[in-house]
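Participant:
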Amino acid sequence: GDSVTQMEGPVTLSEEAFLTINCTYTATGYPSLFWYVQYPGEGLQLLLKATKADDKGSNKGFEATYRKETTSFHLEKGSVQVSDSAVYFCALSDRQGGSEKLVFGKGTKLTVNP
Amino acid sequence: DAGVIQSPRHEVTEMGQEVTLRCKPISGHNSLFWYRQTMMRGLELLIYFNNNVPIDDSGMPEDRFSAKMPNASFSTLKIQPSEPRDSAVYFCASSFRVNEQFFGPGTRLTVL
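Those protein sequences? They're chains A and B, same order as listed.
Be aware that the first sequence starts at 3, since it is given in this note's numbering, and climbs by one per residue.
Be aware that the second sequence starts at 370, since it is given in this note's numbering, and climbs by one per residue.
#1: Whose C-beta lies closer than 7 Å to the C-beta of H398/B among residues of the same chain, with five residues either side of it excluded?
#2: From D56/A to M409/B, what does the alpha carbon distance come to, in whole angstroms?
#3: Okay, do the region 382-399 of chain B and the region 438-453 of chain B touch, 3+ Cβ pairs below 8 Å being the bar?
#4: Roughly how many angstroms lie between the CA atoms of T30/A and D426/B, to the nearest whole one?
#5: Could you give the first and the last residue of the continuous beta strand (DSSP E) run that contains M429/B?
#6: Say whether chain A places a C-beta atom closer than 8 Å to the C-beta of N419/B.
#7: Using a Cβ-Cβ cut-off of 8 Å, state whether S77/A counts as contacting chain B.
#8: Just confirm the distance between the C-beta atoms of N419/B and E102/A, as a whole number of angstroms; I'd bet it's less than 8 Å.
#9: Given a cut-off of 8 Å, decide if T14/A and T113/A are closer than it, judged by their beta-carbon atoms.
#10: By the DSSP assignment, the beta strand (DSSP E) with Y344/B in it spans what residues?
#11: DSSP has V114/A in a bridge; who is on the other side?
#12: For a contact meaning CB atoms closer than 9 Å, what does Q47/A contact in chain B?
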C-alpha cells in the first residue's frame, strides 16, 4: 500500500537556521503531496501542497518540490523562527485510487530556540 | 468561519464506560474524517464519510468503536465499553474538495 516516510525527530535549531525535513513516499498511482503542521494543543493545518511532478508548494516561507524521480517532497525553510516550533507531517493522497484518504508520515517535531 | 467544531475538548472516564465524541464539520463540506493520534502509533484514520455515507471504516480498531453521521452537520464517534488503551487525541476533519482536509482542535480522551 501507499506509505510516507519522513525523518525522525526531534529536530532542534536556533533561530534563523536553515531547515530541511526529509520526506519520501511510495505510491502506485500519481499522488498529490502535502505538508501539514500541528502547533501545540491544536489540530493539523495544511501548510502547502503539490499536485504533480516538479510542482513547488510554498507558504509562510516554507517550500517543498514534488520530485517524482526520487519520490521525495522535502520541506525547507531558509530562516526558521521560534514560532515555527511545531510537529510537521508529510502526507499523500492517491488520486488514481479514487480515494479521499490521506496517508500521513509519523511526524517530525521541530523546536526552534531563540 | 467557525472551522470544525469538536466536543468535548477533554474527556476523562473510567474503564467500561461509554464515551461519545462529537463533531460539527465546516458548512458545505461533504466529507468527514475521524482520526486517532497517539505517541506510539502516530495519526491513524479510523473512518471517513462522504455525503453522510460511511465509505471506509477499515481503520476502526474493534467493534467497540462505532461512528455515525445522521446529517451533513453532525457526526459522532462512540466507544463502548472504553478501555485504557483507547486513551488518545481524537480528531475530526472535513473537506469539500478532495484532499484539502480541515482539522478540528481534537478531543483528548483519558480512560482510567
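Even for Gly, the Cβ is constructed at its ideal location relative to N, Cα and C.
From a predicted model like this one, the values you see are computed outputs, not experimental measurements.
Facilitator: Judging by the given coordinates:
#1: S463, S464 and F465
#2: 34 Å
#3: yes
#4: 22 Å
#5: Where M429/B is concerned, there is no enclosing beta strand (DSSP E), given that its DSSP letter is neither H nor E.
#6: yes
#7: What sits at residue 77/A in the sequence shown is Leu, not Ser. It does not: the Cβ of L77/A has no partner Cβ on chain B nearer than 8 Å.
#8: 7 Å
#9: yes
#10: The shown model of chain B, from 370 to 481, leaves out residue 344/B, and the question about it has no answer.
#11: L15/A
#12: F471 and F472
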